[in-house]
Amino acid sequence: MLLIGLVHSVLGEVLIFRRMRRGGLIPTMGEPLLRERHVRIIWASWHLPSILGWAFGVLLISIAAAAGEPVAPALVVRVLAVSLAVGSALVLVATKGRHPGWLGLLAAAALAWLGQPAV
Numbered sequence: 813m814l815l816i817g818l819v820h821s822v823l824g825e826v827l828i829f830r831r832m833r834r835g836g837l838i839p840t841m842g843e844p845l846l847r848e849r850h851v852r853i854i855w856a857s858w859h860l861p862s863i864l865g866w867a868f869g870v871l872l873i874s875i876a877a878a879a880g881e882p883v884a885p886a887l888v889v890r891v892l893a894v895s896l897a898v899g900s901a902l903v904l905v906a907t908k909g910r911h912p913g914w915l916g917l918l919a920a921a922a923l924a925w926l927g928q929p930a931v
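The sequence shown stops at residue 931 when you use the working numbering, and every number in between is there.
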């Protein structure tokens, strides 16, 4: 999953977003077909599965390293909560806070973190 997430982001940057940049990290050149705000959320949406894929990769590595022992539920919840929070920050920055997706991701991260099982 870690490799899939990395390949997904790299290919997106090389094949799709590279030509849409004006020199900054976040692509903004979508005209005439797309407006800047559309390109920004597409960019964030493109990379969000990579972040979540990396979280799944961490969980799979943890399960493999546990050698048959159960993985602590708190670890699972923490990894997912952190990945949701990072995704929230990505959408917030990319869309300058104009897309509400960052709020949903942040709420999910907070609820997961607050509801995690005791260690």
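Glycine included, every Cβ here is placed at the ideal spot set by N, Cα and C.
Small disclaimer: the values here were computed from a predicted structure and weren't measured.
Residue from A886, I828, G913, W914 whose Cα sits closest to the Cα of A924: If you number the sequence shown from 1, residue 924 lands on position 112. Checked all of A886, I828, G913, W914; the closest Cα to A924 is A886.
May I have the straight-line CA-CA distance separating L864 from W858, to the nearest angstrom? Position 52 of the sequence shown, counted from the start, is the residue given in the question as residue 864. Position 46 of the sequence shown, counted from the start, is the residue given in the question as residue 858. Distance between the alpha carbons of L864 and W858 is about 11 Å.
Buried or exposed by the 16-neighbour rule on C-beta atoms within 10 Å, applied to G909: As a first step, residue 909 must be located in the sequence shown, where it is residue number 97. So G909 ends up on the exposed side.
Does the Cβ of P929 have 16 or more other Cβ atoms within 10 Å, making it buried, or fewer, making it exposed? By one-based count along the sequence shown, residue 929 stands at place 117. Exposed.
Three or more C-beta pairs below 8 Å linking the segment 816-824 and the segment 863-878: Taking a contact to require three or more Cβ pairs closer than 8 Å, the segment 816-824 and the segment 863-878 qualify as touching.
Taking its Cβ as the centre, do 16 or more other Cβ atoms sit within 10 Å of A754, making it buried, or is it exposed? Shown here, the chain extends from 813 to 931; a query on residue 754 therefore has no answer.
Looking at P844: is its Cβ nearer than 7 Å to the Cβ of W855? Numbered from 1 along the sequence shown, position 32 holds the residue referred to as residue 844. Numbered from 1 along the sequence shown, position 43 holds the residue referred to as residue 855. With respect to the 7 Å criterion, P844 and W855 are not classified as neighbours on the basis of their beta carbons.
Straight-line Cα distance separating L917 from F829: Walking along the sequence shown from the start, residue 829 turns up at place 17. Walking along the sequence shown from the start, residue 917 turns up at place 105. Rounded to the nearest whole angstrom, the C-alpha separation of F829 and L917 is 23 Å.
Taking L938 as the reference, give the member of G842, V888, M841, I853 with the closest Cα. No information on residue 938 is available, as it lies outside the stretch 813 to 931 that the chain covers here.
Would the beta-carbon of G899 fall within 7 Å of that of L837? As a working note, residue 899 is residue 87 in the sequence shown. As a working note, residue 837 is residue 25 in the sequence shown. Not in contact: G899 and L837 (Cβ atoms no closer than 7 Å).
Would you identify the three-state DSSP class for R849, choosing helix, strand or coil? For the purposes of this step, residue 849 is taken as residue 37 along the sequence shown, with counting starting at 1. In the structure shown, R849 falls within a helical segment according to DSSP collapsed to helix, strand and coil.
Rounded C-beta distance between S862 and S895? I'm assuming under 8 Å. The sequence position of residue 862 within the sequence shown is 50, counting from 1. The sequence position of residue 895 within the sequence shown is 83, counting from 1. By a beta-carbon distance limit of 8 Å, S862 does not contact S895. Their separation comes to about 10 Å.
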